[in-house]
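S.K.:
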Amino acid sequence: MPNPAPGSDPCRTITDLPEKRLPDTRTPITVVGAGIAGLTAALSLAAKGFEVDIVERAANLDEVGAGLQLSPNATRILDALGLTARLQPHWVEPSEIRLVDGRSLRTIARVPAGAFARTRWQAPYAVMARSALQSALADAVRAHPLCRLHLDTAICDATPASLSAITQRMPGLIVGADGIGSKVRLAIAGHGKARLSGNIAWRLTLPRHAAPSPFDPTVVTAYLGRRAHLVAYPIGASGGLNLVAIGSGLTQADTSEEASRAAIAQLLSGWHPDIRSALSRAGTLGYWPLIEVEDGAWHDGTRILIGDAAHAMMPFAAQGAAMAIEDAFELAEAIGKPGDITAHLDAFVQTRKARVARVRARGAFNRFAYHASGPVRLGRNLVLSLRTPERLAEDFDWLYGHRLPGQKTP
Ligand SMILES: Cc1cc2nc3c(=O)[nH]c(=O)nc-3n(C[C@H](O)[C@H](O)[C@H](O)COP(=O)(O)OP(=O)(O)OC[C@H]3O[C@@H](n4cnc5c(N)ncnc54)[C@H](O)[C@@H]3O)c2cc1C
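By this note's numbering, the letter at position 154 of the sequence shown is numbered 663, and the numbering carries on one by one without gaps.
#1: What residue range is occupied by the uninterrupted beta strand (DSSP E) comprising residue 711?
#2: Give the straight-line distance between the Cα atoms of residue 607 and residue 846, rounded to the nearest whole angstrom.
#3: Taking only the alpha-carbon atoms, compute the straight-line gap between residue 899 and residue 620 and give it to the nearest angstrom.
#4: Leaving aside the five residues before and after residue 868 along the sequence, list all residues of the same chain whose C-beta is less than 8 Å from its C-beta, in chain order.
#5: Less than 7 Å between the beta carbons of residue 579 and residue 649, yes or no?
#6: Spatial neighbours of residue 687 within its chain, please: CB distance less than 7 Å, with the 5 preceding and 5 following residues excluded, ordered by chain position.
#7: Let me know if residue 615 comes out buried or exposed under the rule of 16 or more other beta-carbons within 10 Å of its beta-carbon.
#8: Can you tell me whether DSSP reads residue 689 as helix, strand or coil?
#9: Does the distance between the C-beta of residue 620 and the nearest non-hydrogen atom of ligand 1 fall short of 6 Å?
#10: May I ask you to report which of helix, strand or coil DSSP gives residue 639?
#11: Report whether the distance from the Cβ of residue 578 to the nearest heavy atom of ligand 1 is below 6 Å.
#12: With distances taken from CA atoms, which of 881, 628 and 548 is nearest residue 758?
#13: Spatial neighbours of residue 841 within its chain, please: C-beta separation below 8 Å, excluding the five flanking residues on both sides.
#14: Just the C-alpha distance for residue 928 and residue 749, rounded to the nearest angstrom, thanks.
#15: Cα separation between residue 815 and residue 863?
#16: Counting C-beta neighbours from all protein chains within 10 Å, is the total for residue 478 16 or more, i.e. buried, or is it exposed?
#17: Based on the DSSP output, what are the partners of residue 665 in its beta bridges?
#18: Suppose you measure from the CA of residue 568 to the CA of residue 838; what does that come to, to the nearest Å?
#19: Does the separation of the CB atoms of residue 784 and residue 754 fall below 7 Å?
#20: What's the C-alpha gap between residue 848 and residue 705?
#21: Looking at residue 661 and ligand 1, is the gap between the Cβ and the nearest heavy atom below 6 Å?
#22: Given that a residue counts as buried once 16 or more other Cβ atoms are within 10 Å of its Cβ, and exposed if not, what is residue 904?
#23: Please classify residue 590 as buried or exposed, where buried requires at least 16 other C-beta atoms within 10 Å of its C-beta.
#24: So residue 797 packs on residue 689, CB below 8 Å; how close in whole Å?
#25: Mark residue 764 as exposed unless 16 or more other C-beta atoms lie within 10 angstroms of its C-beta, in which case mark it buried.
#26: Quick one, which of 910, 888, 912 and 914 has its alpha-carbon nearest residue 617's?
#27: May I have the straight-line CA-CA distance separating residue 714 from residue 628, to the nearest angstrom?
#28: Please confirm whether any heavy atom of ligand 1 lies closer than 6 Å to the CB of residue 697.
#29: Taking 7 Å as the threshold (C-beta atoms), are residue 603 and residue 728 in contact?
Below, the structure written as structure tokens:
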């Protein structure tokens, strides 16, 4: 979610109390941020018996942004948290993920999803509205006797004393799930810096029943072109068609609708006329400069970061929310064990950093391949077209087949 404009942050300054030493038994935990990471963490921690306060600056949880792809590594965890029955009516399981050349509209590759995903990765590949996921998580949090949600409550600093003044409980651990502009991250010495990536996303929605050619509302399609790609997929069972155009190597100071339309028209100038004409007729564009958080310290014994607060990444592998969900669940598994909590946090960070680094590397590779031009584009199209769908799916086993702690890899 975007941070509030400078000067509008409703934080109060709270007189500090001495910090409490972190205990290693069941202890109240304060989660800062009720996005996908924070709500999943609250449910995962409560399932382990922790009392959890969730402190969120928004007055209500109408999540911005339209759609979300949830790969099997994420849906497996949501299922383990008992959320599938709430989510399934809102999601669509696309039959495949298709890569299409944006200039010729030729299909370059198909990765099967649908029933294939459920068999191969033992969990569904789903697409849905972000708001439906956010609501399902928030409803489950509200219904959990160990969770307390404090909306309309922004934190300015992330000391146990400040948070205890809000929740009336001294937290043994503070979980920073407060996104890209994280205040919790700022409190951790050696934290990674947030920086503009030079990539910009524009989001828009089309009515699904009238989805113009060439869009196919039953699949996830990535249309590829020079320095840009466009992803299209249905938003859940009853929503529209979600379109996200992403351009690389860009800075756009002018955030107006007019400037965004001009930037997209230029990026897609050599693309197939059907795509260009569909986009030129579409409704308002959401402008989204992409920010990433570089690697740095994730915990200091009192505070631990998860989700975008720890490692906001580019959406080239569509894994930011999935990594947030994995972080949340694995954090609860790690600190739910008996023993020294700081050692558990060290082990958690080590494991998660390795996984996130691999996902980031995959995203960087996708950007290189998706946005290629000239001979690289021709080589990409040739290599991909020679691979069978089964062989392409194999490349995702490490990512989508990621098991919950204690489960065997398929
Ligand atoms: C264009 C685009 C497309 C994407 N597509 C996908 C996709 O298909 N699949 C996927 O897995 N990921 C995708 N992602 C990534 C995904 O959206 C994010 O990684 C994910 O939403 C991060 O969740 P989070 O809970 O960590 O952070 P956020 O969603 O940012 O939540 C942070 C929460 O903390 C609150 N907060 C912030 N500061 C404070 C404060 N001081 N006090 C109290 N509360 C505070 C905020 O209000 C917010 O509710 C995409 C991202 C982009 C930009």
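A virtual CB, placed ideally from N, CA and C, is assigned to each residue, including glycine. Note that the coordinates shown come from a computational prediction; the quantities given were computed from them, not determined experimentally.
M.R.: Quick answer:
#1: 703-715
#2: 42 Å
#3: 7 Å
#4: 822, 826, 828, 832 and 908
#5: no
#6: 541, 542, 693 and 818
#7: exposed
#8: coil
#9: no
#10: helix
#11: yes
#12: 881
#13: 550, 553, 554, 556, 557 and 559
#14: Residue coverage of the chain in this structure runs from 510 to 919, which leaves residue 928 outside it and unanswerable.
#15: 14 Å
#16: Because the chain in this structure spans residues 510 to 919, residue 478 falls outside the shown range and cannot be described.
#17: Residue 665 pairs with nothing; no bridge assigned.
#18: 25 Å
#19: no
#20: 40 Å
#21: no
#22: exposed
#23: buried
#24: About 11 Å separates the two Cβ atoms, so there is no contact after all.
#25: exposed
#26: 888
#27: 31 Å
#28: no
#29: yes
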